[in-house]
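**Student:** Pasting in a structure now, in structure tokens, and then I'll have a few things to ask.
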Amino acid sequence: MATYRVLTAPASAEQEIKRSRFIALAARVASPQAAKAYIESVRALHPQARHVCSAFIAGAPDDSHCLGFSDDGEPSGTAGRPILAVLQGAGVGQICIAVVRYSGGIKLGTGGLVRAYGGTAQLAMQQAQWLEVEPEQQLLLRLSYDLTGRVEQLLQQFEAELLDSVFADDVLFTVSVPERHCAGLQVQLTNISGGQIRCVVKQ
């Protein structure tokens, strides 16, 4: 896919609707686990809030394995899904938005909740600053020690980032590579090792 937008810094917005206070907080996240941790951090900052509803796309916009949403006690479909719809409509990725609600005692109704949660998320998106990035793919590499230097050179050549390394009986690398370079890097890894490097695409 083409490039997509990610946040350069956290963003927020707030509005009051029928005495209910809605606060949207947006942050860049790299995984569903990071998104869930962010949501819990927002919940900890607002312990008196009635609801902390949320949605995230913790990868590229078209990666269905990295999205999620929660109504957090609001009627089904009135909070998390409208927030997610805002994210999907904007074509953004690596993002989580949590919308905090302090209830004012006046019922908003199903349609009112949808507009309130989606609208507050949209306000945060409008306040945000963005950076264009290209999709990346994570690879898990298992290689012998004598190939370490050559593999590191290849990673630089293909603009890949070394995320993690484990030195045990073999060397284990977790790398992130631009999707446009992924196939080429795998071919070269096979070529320099005679097929000895094990390469697995991380889902």
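If you read the sequence shown in UniProt numbering, its first letter stands for residue 1, the second for the next number, and so on.
Note that CB positions come from ideal geometry on N, CA and C, so glycine has one too.
Expressed to the nearest angstrom, what Euclidean distance is found between the alpha-carbon atoms of Arg101 and Ser20?
**Tutor:** Looking at the two C-alpha atoms, the distance is approximately 7 Å.
**Student:** Indicate whether Val29 and Ala58 have their beta-carbon atoms separated by less than 8 Å.
**Tutor:** For Val29 and Ala58, yes; Cβs fall inside 8 Å.
**Student:** How many angstroms separate the CA atom of Leu25 from the CA atom of Pro178?
**Tutor:** Their Cα atoms are separated by approximately 29 Å.
**Student:** Given that a residue counts as buried once 16 or more other Cβ atoms are within 10 Å of its Cβ, and exposed if not, what is His51?
**Tutor:** It is buried - the Cβ of His51 has at least 16 other Cβ atoms within 10 Å.
**Student:** Report the residue from Tyr117, Glu136, Glu40 whose alpha carbon sits nearest the alpha carbon of Leu162.
**Tutor:** Of the listed residues, the one whose Cα sits closest to Leu162 is Glu136.
**Student:** Let me make sure I understand the geometry here. Which of Thr110, Ala49, Leu67, Gly104 has the alpha-carbon closest to that of Thr78?
**Tutor:** Closest option to Thr78, Cα to Cα, is Thr110.
**Student:** Going by C-alpha to C-alpha distance, which of Ile17, His65, Asp169, Lys202 sits closest to Leu140?
**Tutor:** For Leu140, the nearest C-alpha among the options comes from Lys202.
**Student:** Quick one: residues in its chain with C-beta nearer than 6 Å to the C-beta of Ser31, no 5 flanking neighbours on either side, listed in chain order?
**Tutor:** Ala58.
**Student:** Based on Cα-Cα distance, which residue from Ser70, Ala60, Ser64, Cys66 lies nearest to Arg43?
**Tutor:** It is Ser70.
**Student:** To the nearest angstrom, how far is the alpha carbon of Gln33 from that of Lys107?
**Tutor:** One C-alpha to the other measures close to 33 Å.
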